[in-house]
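Trainee: Numbering of the sequence shown is given in numbering that gives the first Met the number 0, commencing with residue 0 and proceeding in unit increments. C-beta: ideal position from N, C-alpha, C; glycine also. Just so we're clear, the structure is a prediction, and the values are computed from it rather than from any experiment. Below is one structure. I have some questions about it.
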Amino acid sequence: MTPVSKAGKLISDVLEKGDLSMPAKVDMDKIVSLCKRRGLIFPSSEIYGGLASCWDYGPMGVELKRNVRDAWWKSIVHERDDVVGLDTSIMMHPGVWAASGHIDSFTDPLVECKSCHLRWRANEIEGDRCSKCGGELTEPRMFNLMFKTSMGPLEEEASTIYLRPETAQGIFINFENVITTSRKKLPLGIAQIGKSFRNEITPGNFIFRTREFEQLELEYFVKPGSDEKWLDYWVQERFDWYVRLGIRKENLRLRQHGKDELAHYAKDCYDIEYLFPMGWSELEGIANRGDFDLIQHAKHSGRELSYYDNKADEKYIPYVIEPSAGVDRSVLAFLIDSYDEEEVEGEKRTLLHLHRSLAPIKVAVLPLSRNEKLTPLAKEVFNKLCLNFVTDYDDSQSIGRRYRRQDEIGTPFCVTIDFESLEDKQVTIRERDSLAQIRVPIEELRKNLEAKLKGEAFDASPLWATREK
Ligand code: GAP
Numbered sequence: 000m001t002p003v004s005k006a007g008k009l010i011s012d013v014l015e016k017g018d019l020s021m022p023a024k025v026d027m028d029k030i031v032s033l034c035k036r037r038g039l040i041f042p043s044s045e046i047y048g049g050l051a052s053c054w055d056y057g058p059m060g061v062e063l064k065r066n067v068r069d070a071w072w073k074s075i076v077h078e079r080d081d082v083v084g085l086d087t088s089i090m091m092h093p094g095v096w097a098a099s100g101h102i103d104s105f106t107d108p109l110v111e112c113k114s115c116h117l118r119w120r121a122n123e124i125e126g127d128r129c130s131k132c133g134g135e136l137t138e139p140r141m142f143n144l145m146f147k148t149s150m151g152p153l154e155e156e157a158s159t160i161y162l163r164p165e166t167a168q169g170i171f172i173n174f175e176n177v178i179t180t181s182r183k184k185l186p187l188g189i190a191q192i193g194k195s196f197r198n199e200i201t202p203g204n205f206i207f208r209t210r211e212f213e214q215l216e217l218e219y220f221v222k223p224g225s226d227e228k229w230l231d232y233w234v235q236e237r238f239d240w241y242v243r244l245g246i247r248k249e250n251l252r253l254r255q256h257g258k259d260e261l262a263h264y265a266k267d268c269y270d271i272e273y274l275f276p277m278g279w280s281e282l283e284g285i286a287n288r289g290d291f292d293l294i295q296h297a298k299h300s301g302r303e304l305s306y307y308d309n310k311a312d313e314k315y316i317p318y319v320i321e322p323s324a325g326v327d328r329s330v331l332a333f334l335i336d337s338y339d340e341e342e343v344e345g346e347k348r349t350l351l352h353l354h355r356s357l358a359p360i361k362v363a364v365l366p367l368s369r370n371e372k373l374t375p376l377a378k379e380v381f382n383k384l385c386l387n388f389v390t391d392y393d394d395s396q397s398i399g400r401r402y403r404r405q406d407e408i409g410t411p412f413c414v415t416i417d418f419e420s421l422e423d424k425q426v427t428i429r430e431r432d433s434l435a436q437i438r439v440p441i442e443e444l445r446k447n448l449e450a451k452l453k454g455e456a457f458d459a460s461p462l463w464a465t466r467e468k
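Rendered as structure tokens:
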């Protein structure tokens, strides 16, 4: 793989060009309410009154989240020959965090209101009074964001360990293992998906900032000197990934970190920002971490973490380019960007135009009514389809209501079985976005849906090109 230089052009084209005055298209309350109503995301521990900023993914949410992870893994690991995967433990030797700088530097400045005792990140406050009650604030003190716990049965003998605040360190400490076992040459990427934990001072905005979240991280090891062009390359790749999966380009922009804002390990960093309802905010960061992490771990562990290029007969410590995204934040951006309300025959229709690869349910099998003559054929169709696609079967309530329920979770295709189906062995496929319908023989249904789920155009004949609810 060689980096393409057009990333430089992308950077200059979209760098902070997003329209600052653009109003957010949907408010967060609508998204939160749809997620609750349709089994995507629930407040955690709800029957106990909830736990602040913790969320549970419901039956539809778990599918959506899995699809986001799979889309990332496919494009980062399976579709390339220069990236391998890894799954490391959440709890690691405490030395890891001393070496990485997280014990000393993974801190936010915290201030507390002397009247209402609310805590704020000092850099979020404008002026020197509490944003809630106007009270006097304490002097800022540095607050470490790592969650601490102890390992071992006896507290006094147990060692203090931390829940990882990023998955990246699990990758750095396995660099030697992967290089020696994968028989790959540099440039080489190591990818990991997993939970991370940060004791955020001000979590919020639904699943945007939480204390437990999931990351999609790639550490791409390159020869020093080639790092800048690889940074460009990965900025382009990652920007395009969101666009390929349906996020509108005008809702994305790039922002380069100022020198004063760079993380303690970073030489350079770009954020891909999305226009969330609360404004432009980070969706993913792509950082040039230089050789900071490998040098630190070599120093603290006593192991030599370098790379020997036997062709060139040279040894060096690789630089690292790190695209780091959040699963939950991506889910939120995909939900917001695909959310739509329209009027169909005088009624409001709410729908998610989710990319077909992300939609939790691909096909819904809907008999026209719960009728003893229709049920056996409808079940037969379901039993065949569910072997190939994530399929839902629903025969409750009116067909119109069932269509609306599927629209709200973004199901691309509904298959309707009616009384004619019993005679002609054909069923109707209804497409979510256009509402067009086609009639196909049951025998060809699987093949037909397979092609459409791969992106084949929905070619409704004039006879069937209707927009029915
Ligand atoms: N290893 C680099 C790193 O962790 P980061 O910018 O702190 O960099 C990367 O985090 C991504 O992880 C963010 O762009 C965001 O998508 C996600 N993320 C970070 N903190 C989060 C939080 N508290 N809640 C949800 N997602 C978070």
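In terms of alpha-carbon separation, which member of 183, 33, 247, 287 lies closest to residue 310?
Mentor: 183
Trainee: Which class does residue 308 belong to by DSSP, given the choice of helix, strand or coil?
Mentor: strand
Trainee: Under 8 angstroms, do residue 287 and residue 308 count as touching if we go by C-beta distance?
Mentor: Not in contact: residue 287 and residue 308 (Cβ atoms no closer than 8 angstroms).
Trainee: For a test of your reading of the model: does the CB of residue 70 fall under 7 angstroms from any non-hydrogen atom of the ligand GAP? Yes or no.
Mentor: no
Trainee: Between residue 212 and the ligand GAP, is there a pair consisting of the residue's CB and a ligand heavy atom that are separated by less than 7 angstroms?
Mentor: Annotation for residue 212 indicates a beta carbon within 7 angstroms of some heavy atom of the ligand GAP.
Trainee: Return the chain-ordered list of same chain residues with a C-beta closer than 7 angstroms to the C-beta of residue 433, the five sequence neighbours on each side being excluded.
Mentor: Excluding positions up to five away in sequence, the list reads 457.
Trainee: If you compare alpha carbons, which of 336, 162, 441 is closest to residue 383?
Mentor: 441
Trainee: With 16 other CB atoms within 10 Å as the buried threshold, where does residue 47 fall?
Mentor: exposed
Trainee: Are residue 99 and residue 295 touching if we call contact CB-CB under 8 angstroms?
Mentor: In this structure, residue 99 lies near residue 295, with their beta-carbon atoms less than 8 angstroms apart.
Trainee: Assess contact between the region 369 to 377 and the region 42 to 60, defined as three or more Cβ pairs (one per stretch) separated by less than 8 angstroms. Is contact present?
Mentor: no
Trainee: With contact counted as at least three CB pairs below 8 angstroms, one residue from each stretch, are the region 23 to 37 and the region 271 to 284 in contact?
Mentor: Touching, yes, given that three or more Cβ pairs across the two stretches are closer than 8 angstroms.
Trainee: Return helix, strand or coil for residue 241, following the three-state DSSP convention.
Mentor: helix
Trainee: Among all the DSSP beta bridges, which residues are the ones paired with residue 83?
Mentor: 189
Trainee: What does the alpha-carbon distance come out to for the pair residue 327 and residue 197?
Mentor: 14 angstroms
Trainee: Between residue 121 and the rest of its own chain, which residues show a CB-CB distance below 6 angstroms, the 5 nearest in sequence each way excluded?
Mentor: So the qualifying residues of the chain are 108, 110, 139.
Trainee: How many whole angstroms separate the CB atoms of residue 185 and residue 221, which I take to be in contact at a CB cut-off of 8 angstroms?
Mentor: 6 angstroms
Trainee: Verify the contact flag: residue 167, CB atom, against every heavy atom of the ligand GAP, threshold strictly below 7 angstroms.
Mentor: Correct: residue 167 has its Cβ closer than 7 angstroms to the ligand GAP.
Trainee: Taking just the CA atoms, how far does residue 150 sit from residue 445?
Mentor: 52 angstroms
Trainee: So, for residue 75: in the same chain, excluding its five sequence neighbours on each side, which residues have a beta-carbon less than 6 angstroms away from its beta-carbon?
Mentor: 82, 190, 217
Trainee: Can you tell me where the beta strand (DSSP E) with residue 142 in it begins and where it stops?
Mentor: 140 to 143
Trainee: Quick check: does the Cβ of residue 209 come within less than 7 angstroms of any heavy atom belonging to the ligand GAP?
Mentor: yes
Trainee: Alpha carbon to alpha carbon, what distance is there between residue 349 and residue 34?
Mentor: Rounded to whole angstroms, the separation of the alpha carbons of residue 349 and residue 34 is 12 angstroms.
Trainee: Taking 7 angstroms as the line, does the beta carbon of residue 100 fall inside it for any heavy atom of the ligand GAP?
Mentor: no
Trainee: With distances taken Cα to Cα, identify the nearest neighbour of residue 318 among 330, 223, 312.
Mentor: 223
Trainee: Tell me the residue span of the beta strand (DSSP E) that contains residue 287.
Mentor: Counted as a single uninterrupted DSSP element, the beta strand (DSSP E) harbouring residue 287 occupies residues 278 to 289.
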